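A.B. asks: Can you read through this structure? Questions will come right after.
Below, the structure is given as structure tokens:
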């Protein structure tokens, strides 16, 4: 971004103006572990004049006491950076209006350097701006502006602009190219009309008599047409010559080479025909091809312009993602709320978000709650409830409430920035299918030139009269009809749209290889926990004995469990909360390790735990045994509840299946993919879940290390295997699989770990990913068949192979139209992918 | 055959021979990347109608930094792709963009624009 520059740190007078020791608090970025603070402290203490320093990992800050007479702030910052950490300064470029001389620049710099919080300032005349490195906690734009203005200079525009700048440089350049091409097209088109009319006077009654063959009038008119065509050749078609020349310097040939030779041949022939008609034995040979030059240039230039437009649409997905980035953030600094450009937000800043506002950076909610629409990142349309401690993703939209959050990731580290980077890389990668095209395209243009020459020679040597005209037309037509662009565009445009489409749906496809591999999957292995199931236990069943009420039993148990640390306890407390049951405090709470808990609630003795606990405390619980077995067979974890020494019921907890897992698995099977489940859990639980979601082949009690082995076994059966896991303990299996799908949720996107990352935690993402890959690869093939087929048919027809049989010879004008629109067709076909809609389940 | 046919035939064959030699047979030897104090093997590549230089020779096992500078607006060259390294970079006109690679094994690795019209080679020794 041009607003941010890495300012160098010049030497300048010590931070203070003399006096006693000073203290400085700096934000540090990049600290990840306990080893970091000592390393930074050691580096800072080495600076002469530093008296004490302490680095806090939790708050990501460093406090430095130093003697300003000896130590300089930039030196301290340099020391921190030298050991690999980012010292918390921000850079800002402020444009200045009336800075006209070198001494002006010096004055601006001096004024800024005297401003507290400024680390470095470098003013330069070239961009007429000053680059300032400063400590955001000590100063801000307004104060910097005041300093600059107090020295007599005017700030050109405020840095904080709430407006959305959507036009990126590439887009602006494309727009400019498009306009320039269209201007060239219009000139060529307008000139083409009279040129076409007067080039064929014999076909137009009035003209035939006025300029008969061989007459001086005809020669003069044709000469004028040549002069009229000159601007078309030299201005409208100039880029072809420039492109050819640039390529020739590299011993390469491209579309420009073909078009340039074609139009030049047509033009030169016409020049000779008009200037020296006598050299042709037959007057009929002295024909002009100005119309060919003009129309070919017009059509090809129009084709290029349309191609730019269509190509612009292929990268719409990435533009949308870039557009999600917030421009400003409301940050609390020194107890005050201030609006800052989003680039100046630092890790551990407190950010305030109001309803309807975009969340600027990644962070953790510290106060308040709200529903957040994360659909732009995850593809999940339902808003997500956020409370204290929950993570929020930058670029998502706050819907209902206000909240504050602590920034955890800023700048290029945010999830959105990583996604943008990854999608861009993937869009630029190649699918293996492209290799064929690569091999062909290296030989394509020179081959076409050879074919055109051979065909022209053959027509001259063996063709019918007028041979010279036929040979010229064949040469020009063959050169012009060949379209390397269509071939070159076939794969990349479809990949760009397909990968972008994935990103829109919360699916990050890492490369063209992954996209192509996902199309061919025969089998998919699903890790149970966290993939098919939610990965955290939830309350599923409450069974009571006669004489007891469900809500009462649950209330007593949940009240008792409120004191427990066990993970199953929170499932029960949450379950009671979901049923709107109010809980009370337990008296005499006691945990019996490995067995359960006990306590007194509302005057009742409550006991909650396994069968052994019941036996030990003499509670007869056999009556619940059949129910216990049924629940256990369903893969749940049932536990006994006893009230006042009597068995009151069972409460079962289980890791529940995600709502759309079953539907997703059914669709996968419908796509002809074998679905296998792997789990480290016991056989009974595994089987129960597999049954519930409709999986026939389930492998239980698989150790993490063996997961990769299971993938390999399926591969040995000759299958192309996809593995879906949560990306942490499944890493070896994900790597072994032909396509590894990592399920990441929220900001913990394991972007680097897999071939495909599903940002939303749903298995439907796998279905969508496979469908996108199939749709994209189908589109690629259509494009390749179209582009290869076009050239394979077009070139021979242009050389005139059909002439001996059916008398067909292509006009160069038709060849030019076909060439111009072949690449537009390819790009348009790729754009069809933008209308791909993923299947949705009812949930 | 008449003399003019002989002339056209020989001229045509001559042109074909020239095309084969000019585009396919003559290959540039390439330049050796300079080694910087930071341990990088660095080279500057001009993108204009092709890559200059189009062949860069480096040593295996050391990081490589190729600085691309595009000085044209043809849309084909707005990106450079290194398929063997799964890397690509946007090349805005007039900006220098660094692409960093780590070639581990010796061999020849191509790079090109997305359409394959501009081609270059990284020769790892």
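Protein chains in written order, with the numbering used here: chain A, 20 to 862; chain B, 1025 to 1149.
Where a beta carbon is used, it is the ideal one built from N, C-alpha and C, also for glycine.
Quick caveat, the model's predicted, so the values are computed rather than measured.
Counting C-beta neighbours from all protein chains within 10 Å, is the total for residue 500/A 16 or more, i.e. buried, or is it exposed?
C.D. replies: Residue 500/A sits at position 481 when you count from the first residue of the first chain. The residue in question, residue 500/A, is buried, as its Cβ has 16 or more Cβ neighbours within 10 Å.
A.B. asks: Whose CA, out of 278/A, 149/A and 200/A, lies closest to the CA of residue 124/A?
C.D. replies: Looking up residue 124/A in the first chain gives position 105. The shortest C-alpha separation from residue 124/A is found at 149/A.
A.B. asks: Anything in the region 1045-1076 of chain B with a Cβ closer than 9 Å to a Cβ of chain A? List those residues in chain order, please.
C.D. replies: Correct list: 1046, 1047, 1048, 1050, 1051, 1052, 1072, 1073, 1074, 1075 and 1076.
A.B. asks: Under the rule that 16 or more other beta-carbon atoms within 10 Å means buried, what is residue 183/A, buried or exposed?
C.D. replies: Along the first chain, one-based indexing puts residue 183/A at 164. Residue confidence for residue 183/A is low, a pLDDT of 37 falling below 50, so the modelled location carries little weight and cannot support an answer.
A.B. asks: Identify the contact partners of residue 1143/B in chain A, using a Cβ-Cβ distance below 8 Å as the criterion.
C.D. replies: Mapped onto the second chain, residue 1143/B falls at position 119. Those are 271 and 461, listed as they occur along chain A.
A.B. asks: Check whether the Cβ of residue 848/A sits closer than 7 Å to any heavy atom of the ligand GTP, and report yes or no.
C.D. replies: Among the ligands in the structure shown, none appear at all, so the ligand GTP cannot be discussed.
A.B. asks: What are the residues of the region 321-346 of chain A that lie near chain B, defined by any Cβ-Cβ distance shorter than 9 Å?
C.D. replies: Residues passing the 9 Å Cβ filter: 323, 326, 327 and 330.
A.B. asks: Using a beta-carbon distance cut-off of less than 7 Å, what residues from the region 1115-1132 of chain B approach chain A?
C.D. replies: Within the region 1115-1132 of chain B, the residues whose Cβ lies closer than 7 Å to some Cβ of chain A are 1116 and 1117, listed in chain order.
A.B. asks: Would you say residue 417/A and residue 378/A are within 8 Å of each other, going by their C-beta atoms?
C.D. replies: Here the question's residue 417/A lines up with position 398 in the first chain. Here the question's residue 378/A lines up with position 359 in the first chain. Going by C-beta atoms, residue 417/A is nearer than 8 Å to residue 378/A.
A.B. asks: Which class does residue 409/A belong to by DSSP, given the choice of helix, strand or coil?
C.D. replies: As a working note, residue 409/A is residue 390 in the first chain. In the structure shown, residue 409/A sits in coil (DSSP, three-state: anything other than H, G, I, E or B).
A.B. asks: Tell me, to the nearest whole angstrom, how far the beta carbon of residue 402/A is from that of residue 409/A; I am working on the premise that it is less than 8 Å.
C.D. replies: Residue 402/A sits at position 383 when you count from the first residue of the first chain. Residue 409/A sits at position 390 when you count from the first residue of the first chain. Wrong, their Cβ atoms sit about 13 Å apart, outside the cutoff.
A.B. asks: Let me see if you follow: with CB-CB separation under 8 Å, is residue 1043/B close to chain A or not?
C.D. replies: Along the second chain, one-based indexing puts residue 1043/B at 19. Output row for residue 1043/B: interface = yes.
A.B. asks: Of all the CB atoms in chain A, is at least one closer than 8 Å to the CB of residue 1094/B?
C.D. replies: Against the second chain, residue 1094/B aligns to sequence position 70. Chain A contact via Cβ: absent.
A.B. asks: Apart from the five residues on each side of it in sequence, which residues of its chain come closer than 7 Å, Cβ to Cβ, to residue 553/A?
C.D. replies: The residue given as residue 553/A occupies position 534 in the first chain. Cβ neighbours of residue 553/A beyond the five flanking positions: 674, 675 and 677.
A.B. asks: Please check if any C-beta of chain A sits within less than 8 Å of the C-beta of residue 1039/B.
C.D. replies: Counting from one through the second chain, the residue named residue 1039/B turns up at place 15. At least one chain A Cβ lies under 8 Å of residue 1039/B.
A.B. asks: Does chain E have any CB closer than 8 Å to the CB of residue 1105/B?
C.D. replies: Although the question refers to chain E, the structure presented lacks it and instead comprises the protein chains A and B.
A.B. asks: Between residue 1087/B and chain A, is any beta-carbon pair separated by less than 8 Å?
C.D. replies: Position 63 of the second chain, counted from the start, is the residue given in the question as residue 1087/B. Taking Cβ atoms only, chain A never reaches closer than 8 Å to residue 1087/B, which makes this a no.
A.B. asks: For a contact meaning CB atoms closer than 7 Å, what does residue 1033/B contact in chain A?
C.D. replies: If you number the second chain from 1, residue 1033/B lands on position 9. Simply 476 and 480.
A.B. asks: What's the gap between the Cα of residue 28/A and the Cα of residue 1129/B?
C.D. replies: Sequence index remark: in the first chain, residue 28/A carries index 9 (1-based). Sequence index remark: in the second chain, residue 1129/B carries index 105 (1-based). Reliability fails at residue 28/A, whose pLDDT of 34 lies under 50, so the model's placement of it is uncertain and the value that follows must be treated cautiously. Each residue's Cα considered, the two are about 40 Å apart.
A.B. asks: Could you check where the alpha helix (DSSP H) with residue 594/A kicks off and where it finishes?
C.D. replies: Residue numbering aside, residue 594/A sits at position 575 when the first chain is read from its first letter. Per DSSP, residue 594/A belongs to the alpha helix (DSSP H) from 586-597.
A.B. asks: Using the rule of at least 16 other Cβ atoms within 10 Å of the residue's Cβ for burial, across every protein chain shown, is residue 269/A buried or exposed?
C.D. replies: Along the first chain, one-based indexing puts residue 269/A at 250. Label assigned to residue 269/A: buried.
A.B. asks: Please determine, among 1139/B, 1062/B, 1033/B and 1029/B, the residue with the shortest C-alpha to C-alpha distance to residue 472/A.
C.D. replies: Here residue 472/A is taken as the residue at index 453 of the first chain, counted from 1. Cα-wise, what sits closest to residue 472/A is 1033/B.
A.B. asks: Per DSSP, residue 1124/B forms a beta bridge with which residues?
C.D. replies: Counting from one through the second chain, the residue named residue 1124/B turns up at place 100. Note: residue 1124/B sits in a beta bridge opposite 1089/B.
A.B. asks: At a CB-CB cut-off below 8 Å, which residues of chain B make contact with residue 262/A?
C.D. replies: Here the question's residue 262/A lines up with position 243 in the first chain. 1073 and 1098, listed in chain order.
A.B. asks: Helix, strand or coil for residue 85/A, going by three-state DSSP, please let me know.
C.D. replies: Position 66 of the first chain, counted from the start, is the residue given in the question as residue 85/A. Note: residue 85/A maps to strand in three-state DSSP.
A.B. asks: Would residue 184/A count as contacting chain B if we go by Cβ distances under 8 Å?
C.D. replies: Taking the first residue of the first chain as position 1, residue 184/A is located at position 165. Its pLDDT being 39, under 50, residue 184/A is placed unreliably by the model, and the measurement read from it follows with that caveat. No, residue 184/A lies away from the interface with chain B (no Cβ there is under 8 Å from its Cβ).
A.B. asks: Which runs of the beta strand (DSSP E), 3 residues or longer, sit entirely within the region 134-160 of chain A?
C.D. replies: Within the region 134-160 of chain A, the complete beta strand (DSSP E) runs of at least 3 residues are 137-143 and 148-153.
A.B. asks: Compare the beta carbon distance of residue 863/A and residue 414/A with 8 Å and say whether it is the shorter of the two.
C.D. replies: Lying before the first or after the last residue shown, residue 863/A is absent from chain A, which here runs from 20 to 862.
A.B. asks: Mind checking residue 520/A: buried by the 16 CB within 10 Å criterion, or exposed?
C.D. replies: As a working note, residue 520/A is residue 501 in the first chain. Buried, by the Cβ-count rule.
A.B. asks: Residue 481/A: buried (16+ other C-beta within 10 angstroms of its C-beta) or exposed?
C.D. replies: To locate residue 481/A, count along the first chain from 1; it is residue 462. Result: exposed.
A.B. asks: Can a CB atom of chain A be found closer than 8 Å to the CB of residue 1027/B?
C.D. replies: As a working mapping, residue 1027/B is identified with position 3 in the second chain. Closer than 8 Å: no.
A.B. asks: So what does residue 649/A bridge to, in DSSP terms?
C.D. replies: Stepping through the first chain from its first residue, residue 649/A is reached at position 630. Bridge partners of residue 649/A: none, in fact.
A.B. asks: Are the CB atoms of residue 118/A and residue 153/A nearer to each other than 8 Å?
C.D. replies: The residue given as residue 118/A occupies position 99 in the first chain. The residue given as residue 153/A occupies position 134 in the first chain. No; because the gap between Cβ atoms is not below 8 Å, this pair is not in contact.
A.B. asks: For chain B, find out if any of its Cβ atoms is closer than 8 Å to the Cβ of residue 472/A; answer yes or no.
C.D. replies: Numbered from its first residue, the first chain carries residue 472/A at position 453. Residue 472/A counts as touching chain B.
A.B. asks: I need the straight-line Cα distance from residue 761/A to residue 773/A, nearest angstrom please.
C.D. replies: Within the first chain, residue 761/A is the residue found at index 742, counting from 1. Within the first chain, residue 773/A is the residue found at index 754, counting from 1. So the two alpha carbons sit approximately 6 Å from each other.
A.B. asks: List the residues of chain B whose Cβ lies closer than 7 Å to the Cβ of residue 468/A, in chain order.
C.D. replies: Within the first chain, numbered from 1, the residue matching residue 468/A stands at position 449. Result: 1043.
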